[in-house]
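The next block holds one structure in the form of structure tokens; read it before the comments.
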Amino acid sequence: MSVDIKNILLVVMAAARWLSATMFPCWGELPLKLNIREDVDKGVPTVVADPDSDVSAIYRSIARKVGAQLALTKVTSSLSISISEDE
Numbered sequence: 121m122s123v124d125i126k127n128i129l130l131v132v133m134a135a136a137r138w139l140s141a142t143m144f145p146c147w148g149e150l151p152l153k154l155n156i157r158e159d160v161d162k163g164v165p166t167v168v169a170d171p172d173s174d175v176s177a178i179y180r181s182i183a184r185k186v187g188a189q190l191a192l193t194k195v196t197s198s199l200s201i202s203i204s205e206d207e
């Protein structure tokens with residue numbers, strides 16, 4: 121099966137624009153690079169495998185933006201955890 125990468129990229133870019141305009145900000149875009157998949161397959165994050173690469177810089181930029189957004193978000197927890205001893 122042949123995959124038309126140009127069409128996939130157009131759909132992804134259109135989806136990112138739509139999400140950004142509606143409810144979800146687009147904090148960044150990762151390139152389609154083979155080394156990202158290879159790093160994931162090895163269980164090594166790209167930021168560890170090649171910390172000075174352009175891809176690692178993109179990951180760090182996205183992480184900073186997400187962290188900043190989380191810091192501005194009021195967190196409310198409705199989760200209740202109870203622990204009991206089984207006899």
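Numbering (the numbering used here), first residue to last: 121 to 207.
Ideal Cβ placement from N, Cα and C applies to all residues, glycine included.
What first and last residue would you give for the alpha helix (DSSP H) that runs through residue i?
{"i": "Met143", "result": "Segment: none, Met143 is in no alpha helix (DSSP H) and carries neither H nor E."}
{"i": "Val201", "result": "It should be pointed out that residue 201 corresponds to Ile in this sequence rather than to Val. No alpha helix (DSSP H) holds Ile201; DSSP gives it neither H nor E."}
{"i": "Leu154", "result": "Leu154 to Lys162"}
Taking the CB atoms as reference points, tell me whether residue i and residue j lie closer together than 8 Å.
{"i": "Ala136", "j": "Cys146", "result": "yes"}
{"i": "Val186", "j": "Ser176", "result": "no"}
{"i": "Ser181", "j": "Gly148", "result": "yes"}
{"i": "Leu150", "j": "Ile125", "result": "no"}
Once the 5 residues before and after residue i are set aside, which same chain residues still bring their CB inside 6 Å of it?
{"i": "Asp159", "result": "Thr166 and Ala169"}
Excluding the 5 residues flanking residue i on each side, which residues of the same chain have their C-beta closer than 8 Å to its C-beta?
{"i": "Ile156", "result": "Leu150, Thr166 and Val175"}
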